[in-house]
Structures are given as structure tokens and as C-alpha cells.
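FYI, the numbering for the sequence shown is 1305 to 1417, going by our numbering. Beta carbons are placed, not taken as given, at the ideal position from N, Cα and C, and that holds for glycine. Below is one structure, written out as C-alpha cells, with a few remarks after it.
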Amino acid sequence: MPSLSLRINLDPHGRLGPGKIELLEQIAAFGSISAAARGMEMSYKHAWDLVEDMNRVFGKPLVAAQTGGKKGGGAQLTSVGLAVVSRFRAIERAASSAAAAHMEALQAEIDAA
1305 MPSLSLRINL
1315 DPHGRLGPGK
1325 IELLEQIAAF
1335 GSISAAARGM
1345 EMSYKHAWDL
1355 VEDMNRVFGK
1365 PLVAAQTGGK
1375 KGGGAQLTSV
1385 GLAVVSRFRA
1395 IERAASSAAA
1405 AHMEALQAEI
1415 DAA
């Protein structure tokens, strides 16, 4: 069955898609940007750059990070970060639902070949 992948172009120059949302979800799950990066097989620097980009686009932090050290660091989603993840997933569900019949028709075309 075909699947739908959603990417949202945000004004003025940002994009939000499944990769960034997964990163936010992983940060929420692990409480750490570095652990989230490892889980997604990306460098810490790349993960941090993505977080900084999202913070810039939304004009406020989506992730609150504490510096490491003896007590260790950590990261958690802010209320804005949680809302962004929730809204993206809701938009994704709505788009998938709206496209379901069309996706089935595409699959039928493939199956008929």
C-alpha cells in the first residue's frame, strides 16, 4: 500500500517534516539530544543544528537543554515543542485519512498491472 509522507513549508524559510518530528520525539523519550541523535544514527552536531533551526523558525525554543558535566546534561521539549509535535501528528493523521481512498486507488492500479 502506498504511504504518505508529510513535509510542511513554514514561513519565512523553514521546513518541518518527519525527520525533525522524530528527533523531537526521541529527545522527549530519552531526555537527551545526544541519545536521540545516536538512536537516529546522526551526529550530535547535526541533531543540535536541526534543533537550533527549529528554534529559529518558531522564534522560541522547542527544546530546553542543560549543559552536561558531573551531574550530566539533559534535554526536554518545551510546551511549544510538545505542541509542534502534537499538531504535526494531527495534520499527518488528517492528511492520511483524506488521502486514503486515493492511496487505495493507486494501489489498485499497481495491482492491476
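How about residue i and residue j: do their beta carbons lie closer than 7 angstroms?
i, j, result
"residue 1306", "residue 1410", "yes"
"residue 1368", "residue 1380", "yes"
"residue 1310", "residue 1413", "no"
"residue 1378", "residue 1371", "no"
"residue 1320", "residue 1312", "yes"
What whole-angstrom Cβ distance do residue i and residue j have, given they're in contact under 8 angstroms?
i, j, result
"residue 1353", "residue 1318", "Residue 1353 to residue 1318, Cβ: 13 angstroms. No contact."
Tell me, please, which residues DSSP counts as bridged to residue i.
i, result
"residue 1359", "According to DSSP, which records beta bridges pairwise, residue 1359 is partnered with nothing at all."
"residue 1389", "The partner list for residue 1389 (beta bridge, DSSP) is empty, contrary to what the question assumes."
"residue 1312", "1320"
Inset, instruction - Spell out a yes or no on whether the segment 1343-1352 and the segment 1325-1333 are touching, meaning 3 or more CB-CB pairs, one atom from each, closer than 8 angstroms. - result: With the rule of 3 Cβ pairs closer than 8 angstroms, the segment 1343-1352 counts as touching the segment 1325-1333.
Legend entry - Inter-stretch contact (C-beta, 8 angstroms, three-pair minimum) for the segment 1346-1365 and the segment 1400-1414: With the cut-off at 8 angstroms, the segment 1346-1365 and the segment 1400-1414 do not touch.
Inset, instruction - Evaluate contact between the segment 1394-1401 and the segment 1330-1337, counting only Cβ atoms and requiring at least three cross-stretch pairs below 8 angstroms. - result: Three or more beta-carbon pairs separated by less than 8 angstroms are not found between the segment 1394-1401 and the segment 1330-1337, which leaves the two stretches without contact.
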